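Here the structure comes first, spelled out in structure tokens, and everything after it is commentary.
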Amino acid sequence: MSGEVEKMIDELLGSSEVKQDVIVYSGVTRDPRLIVKEFFHSDDAFCISEGFDGIHFVSKPNLLFDNVARLRVFSRVGDLEVWRQLGSFAWRFVSDTVHMQGKHNQIDLCSERYFFRERHVNLWGRENRNGHRHEPRVASASLDYPIPNKTDLVRLKLIEYSKDGVVQFVRYVSLETGGS
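Just so you know, we're using our numbering here: the sequence shown kicks off at 4 and counts up by one.
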């Protein structure tokens, strides 16, 4: 390997791009409410609920799960994804700190190194004259995001964790306003 390539690799591995102790929990449950309650106690969480009646962005997760096909609850604490799988629900939680409580806090954890990249992606829709968000490509979709102030642009902050050049996990962090 040339000295230049080695130098580039050393710089990359020594940079803030390397994240250690990414914690991933996953499993299958018949009652997803227990999983949501286990991981989310913060007031700054956002929720994307995908049901048989459409996709909804809300500030609190719907714990009924009657019409939910997929649920994503995220905050600075972590990112929980729950999806319907036959007669039960599969789930995955990604964080950089341990959040299990009670009997679960004794789980043996292994640690791996991941490269991570923080990104922002613009969400669809611009505010129209009626004060509602609208995007012609998804004309009937509800694009109301649970953000405190009205703004023209809403962005999703996320972190991509990769290993050997392949993205392993994408962790949603927050909804933000403004930017370009």
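All residues carry an ideal CB built from backbone N, CA and C; glycine is no exception.
Quick caveat: nothing in here was measured; it's all calculated off a predicted structure.
>> How far does the beta strand (DSSP E) with ILE51 in it extend, from its first residue to its last?
In response: Position 48 of the sequence shown holds residue 51. Per DSSP, ILE51 belongs to the beta strand (DSSP E) from 49-54.
> Residues in its own chain within less than 6 Å of MET172 by CB, not counting five upstream and five downstream?
Replying inline: Here the question's residue 172 lines up with position 169 in the sequence shown. Looking at the sequence shown, residue 172 is not Met but Phe. These residues qualify, in order along the chain: VAL97, TYR164.
> Is it buried or exposed for ASP82, if we count other Cβ within 10 angstroms and need 16 for buried?
Replying inline: Locating residue 82 in the sequence shown gives position 79, counting from the first residue. That one is buried.
> What separation, rounded to the nearest whole angstrom, lies between the Cα atoms of ASP34 and ALA48?
Replying inline: As a first step, residue 34 must be located in the sequence shown, where it is residue number 31. As a first step, residue 48 must be located in the sequence shown, where it is residue number 45. When rounded, the distance between both Cα atoms is 20 Å.
> DSSP three-state call for PHE172: helix, strand or coil?
Replying inline: In the sequence shown, the residue the question calls residue 172 occupies position 169. It is a strand residue.
>> Starting from LYS40, trace the alpha helix (DSSP H) in both directions and tell me its first and last residue.
In response: For the purposes of this step, residue 40 is taken as residue 37 along the sequence shown, with counting starting at 1. Looking at the DSSP string, the run of the alpha helix (DSSP H) that includes LYS40 is 35-42.
>> Between VAL157 and ARG95, how many whole angstroms is the CB-CB distance? I'm expecting something under 8 Å.
In response: As a first step, residue 157 must be located in the sequence shown, where it is residue number 154. As a first step, residue 95 must be located in the sequence shown, where it is residue number 92. No, VAL157 and ARG95 are not in contact; Cβ-Cβ is about 25 Å, not under 8 Å.
> Taking buried to mean at least 16 other C-beta atoms within 10 Å of its own C-beta, is GLY30 buried or exposed?
Replying inline: Counted from its first residue, the sequence shown places residue 30 at position 27. Per the 10 Å Cβ criterion, exposed.
> If ARG75 sits next to TYR175, beta carbons under 8 Å apart, how far is it from one beta carbon to the other, in whole angstroms?
Replying inline: Taking the sequence shown and counting its residues from 1, the one referred to as residue 75 is at position 72. Taking the sequence shown and counting its residues from 1, the one referred to as residue 175 is at position 172. Confirmed, Cβ separation roughly 6 Å.
> Among all the DSSP beta bridges, which residues are the ones paired with LYS160?
Replying inline: Indexing the sequence shown from 1 puts residue 160 at position 157. DSSP output for LYS160 lists HIS123, SER177 as bridge partner(s).
>> Using a Cβ-Cβ cutoff of less than 8 Å, which residues in the same chain neighbour ARG120 once the five nearest sequence positions on both sides are dropped?
In response: Numbered from 1 along the sequence shown, position 117 holds the residue referred to as residue 120. For ARG120, where only same-chain residues beyond five positions count, the Cβ hits under 8 Å are GLU20, ILE162, GLU163, SER165.
> Closest by CA to SER62, which one among SER78, ARG132, LEU37?
Replying inline: The residue you call residue 62 lines up with position 59 of the sequence shown. Among SER78, ARG132, LEU37, the Cα nearest to that of SER62 belongs to SER78.
>> Can you give me the C-alpha to C-alpha distance between LEU126 and ARG36, rounded to a whole angstrom?
In response: Taking the sequence shown and counting its residues from 1, one reaches residue 126 at position 123. Taking the sequence shown and counting its residues from 1, one reaches residue 36 at position 33. So the two alpha carbons sit approximately 27 Å from each other.
>> Quick check on LEU89: buried or exposed, where buried means 16 or more other Cβ atoms within 10 Å of its Cβ?
In response: Along the sequence shown, one-based indexing puts residue 89 at 86. The residue in question, LEU89, is exposed, as its Cβ has fewer than 16 Cβ neighbours within 10 Å.
> By Cβ distance, which residues of its chain are closer than 6 Å to VAL124, with the 5 residues on each side in sequence left out?
Replying inline: For the purposes of this step, residue 124 is taken as residue 121 along the sequence shown, with counting starting at 1. Answer for VAL124: LEU159, listed in chain order.
>> Report the CB separation of VAL71 from GLY54 in whole angstroms; it is logged as a contact under 8 Å.
In response: Locating residue 71 in the sequence shown gives position 68, counting from the first residue. Locating residue 54 in the sequence shown gives position 51, counting from the first residue. Their Cβ separation, rounded to whole angstroms, is 5 Å, which keeps VAL71 and GLY54 in contact under 8 Å.
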